[in-house]
Amino acid sequence: MAFLLPLLILLVPPAFLVANAVPNSTFTPINRDLYHSRTELLEQVKALVHRHPDKLSVDTIEAGNKGYQAEITVVTYCKMGRECDERSKFRILLSFGQHGRELITSEVALRILSILSEEQFLPNVNATSLNNTLDKLIIKVVPMENLNGRKRVEEEDPCERRNGRGVDLNRNWSVDWGKKEKDYDPYEENPGIAPFSEPEAQIMRKLALSFEPHVWVNVHSGMEALFMPYDHRNTTPDGLPAHRIKSLLSELNQVHCHNHCMIGSGGGSVGYLAHGTATDYMYDIVKVPMAFTFEIYGDPTASSKDCFKMFNPVDLTTFNRVLNDWSAAFFSIFKLGPHLFDESLSRTNTDKWVSIDEYLDGYLMERRNRYGKKFEVLDLGMQEIRTYFRLFLLSSVLLLFMFCSRIAKSKSSRTGVSPVPV
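What the sequence shown shows, in mature numbering (1 follows the signal peptide of the UniProt record, and there is no 0), is residues -19 to -1, 1 to 403, in sequence order.
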């Protein structure tokens, strides 16, 4: 069964895959009767938004550095459209298509948006109850995080999981970034030259920090699993919040995954660790109370070179089953999530800290987005700017220390002089 084969996970051990796999007649081609192309899918998403402006809005966010450009489409669901007050709602952020070869994940995103817009419906769900649930939510959906990688899958290599310049977007986040296990293969797990070196990761980080979601789900394929933090350690968090997370996952597994899904931490459940992942960052840095990685499909019979078949359903029956089961699972999260956490678990502004690196990266990316290619910060890369900024801070601290030391010495010398009699 798929859930027993860790080689199929999004954090797949590189030793099991052949680098630069080239499709040939023995491999399963993309089924165009089942799957939209990247362009068609995003057009369908935008058409949904156009037909339902009272519920959906869409933004396209662009970023780039050193000649590489990326863009991410973000769809927001809220009953009042763009007039929605985000702070008053329970906030959910969903990301699909972080790895290019996992086409099925973006199809699930399209299905969820179709249900939210009421063009499709969940079976055996009371419409009134569902509407009452959705009234309390604001949901942001990223249907295809890795657009450039998806292009490479469609045009060149069906086994490609990295972005358009060969970086694994799920290794480019800052929590435990850059650590390499014994089976590390840069073709599969290249973390980039530094945390958030990739525009896609920069966009997603800025989105998460500004939106402050209560729920984050990073959706992948390769096996059937419901993972919680951590990926870089073989442990899960302690305490009541973690217990509630596990209870939610157990219910999803029973109702929607038919008890086939592996549950636990990504690092502890599959026997190896992954470093620099999005979910660990969301939990540790953004302080998302409920941070998950879902694996929604995997074919254990597929050859490791037959990537389309390994990561995506190839027949209509299985394709529809995956869409139905997992879209229903997400609506269960929409219903159960707000009830699992009380005020003691909600975050305040005082307990969310953002590092200098994060602030600076976000500021520079915003300036680039506003002023375009003309704003290249004198052709300095992000890493150089951070280095100079750190040196400036260090120098300031040293100068302040020297100044305080001199004042202390001056006071000491004055108190040591005997008073002159009058």
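No residue lacks a Cβ here, since even glycine has one placed at the ideal position from N, Cα and C.
Tell me the rounded alpha-carbon separation between residue i and residue j.
i, j, result
"Gly343", "Gln183", "Below a pLDDT of 50, predicted positions are generally treated as unreliable, and Gly343, at 49, falls in that range; no measurement from the model is reported."
"Asn215", "Phe208", "12 Å"
"Val30", "Phe384", "59 Å"
"Gly173", "Gly48", "15 Å"
"Cys238", "Tyr211", "21 Å"
"Gln50", "Cys65", "31 Å"
"Lys355", "Ile42", "The predicted position of Lys355 is uncertain, since its pLDDT is 37 and thus under 50; no value can be drawn from it."
"Gln25", "Leu91", "8 Å"
"Thr313", "Phe71", "Correcting the residue identity first, residue 313 is Ser in this sequence and not Thr. Whole-angstrom Cα-Cα distance: 14 Å."
"Ile119", "Leu97", "11 Å"
"Thr20", "Ala309", "26 Å"
"Glu126", "Glu181", "7 Å"
"Gly279", "Leu375", "50 Å"
"Thr86", "Trp307", "10 Å"
"Ile11", "Leu84", "9 Å"
"Ile93", "Ser285", "30 Å"
"Ser110", "Asp261", "33 Å"
"Leu320", "Ile226", "It should be noted that the sequence gives His, not Leu, for residue 320. Cα to Cα, the separation comes out at about 12 Å."
Could you check which residue in the options has the C-alpha nearest to that of residue i?
i, options, result
"Leu297", "Arg72, Glu88, Tyr49, Lys187", "Glu88"
"Ile73", "Phe315, Ser38, Cys65", "Phe315"
"Cys242", "Asn234, Gly249, Phe177", "Asn234"
"Val117", "Lys36, Thr41, Met263", "The amino acid at residue 117 is misidentified as Val; the sequence shows Lys. Out of Lys36, Thr41, Met263, Lys36 has the C-alpha closest to the C-alpha of Lys117."
"Gly248", "Thr217, Phe102, Thr282", "Thr217"
"Tyr253", "Arg146, Val123, Lys163", "Lys163"
"Asn112", "Lys286, Glu99, Asn301", "Glu99"
"Tyr16", "Val295, Ala175, Asn151", "Val295"
"Ser246", "Asp14, Ala175, Ala272", "Ala272"
"Thr9", "Thr258, Lys160, Val134", "Val134"
"Ile266", "Asp157, Ile277, Glu169", "Asp157"
"Asn171", "Leu380, Leu229, Asn153, Phe177", "Asn153"
"Asn46", "Thr258, Ala175, Tyr165", "Ala175"
Buried or exposed: residue i, going by 16 or more other Cβ atoms within 10 Å of its Cβ?
i, result
"His224", "exposed"
"Val251", "buried"
"Val236", "exposed"
"Ser155", "buried"
"Ser191", "exposed"
"Pro194", "buried"
"Arg387", "exposed"
"Gly220", "exposed"
"Gly147", "exposed"
"Val378", "exposed"
"Ala108", "exposed"
Could you spell out where the alpha helix (DSSP H) holding residue i opens and where it closes?
i, result
"Ala189", "180 to 192"
"Leu37", "That residue, Leu37, is in no alpha helix (DSSP H); its beta strand (DSSP E) goes 37 to 46."
"Val26", "19 to 32"
"Tyr264", "259 to 265"
"His213", "Neither: His213 is in no alpha helix (DSSP H) and is coded neither H nor E."
"Glu64", "Looking at the DSSP string, Glu64 is not in any alpha helix (DSSP H), and its letter there is neither H nor E."
"Lys290", "288 to 292"
"Leu118", "Run containing Leu118: none in the alpha helix (DSSP H); it sits in the beta strand (DSSP E), 118 to 123."
Locate the beta strand (DSSP E) running through residue i, then write down its first and last residues.
i, result
"Ser246", "243 to 246"
"Glu136", "Looking at the DSSP string, Glu136 is not in any beta strand (DSSP E); the run it does join, the alpha helix (DSSP H), is 128 to 136."
"His237", "It is not in any beta strand (DSSP E) - His237 carries neither H nor E in the DSSP assignment."
"Leu75", "71 to 77"
"Ala272", "271 to 278"
"Tyr165", "Taken as a continuous stretch (DSSP letters only), Tyr165 belongs to no beta strand (DSSP E), as it is neither H nor E."
Three CB pairs or more closer than 8 Å across the region 189 to 200 and the region 73 to 80: With a cut-off of 8 Å, the region 73 to 80 and the region 189 to 200 count as touching, because enough Cβ pairs lie within range.
Stretch pair the region 284 to 299 + the region 131 to 146: three plus CB contacts closer than 8 Å: At 8 Å Cβ cutoff, the stretches touch.
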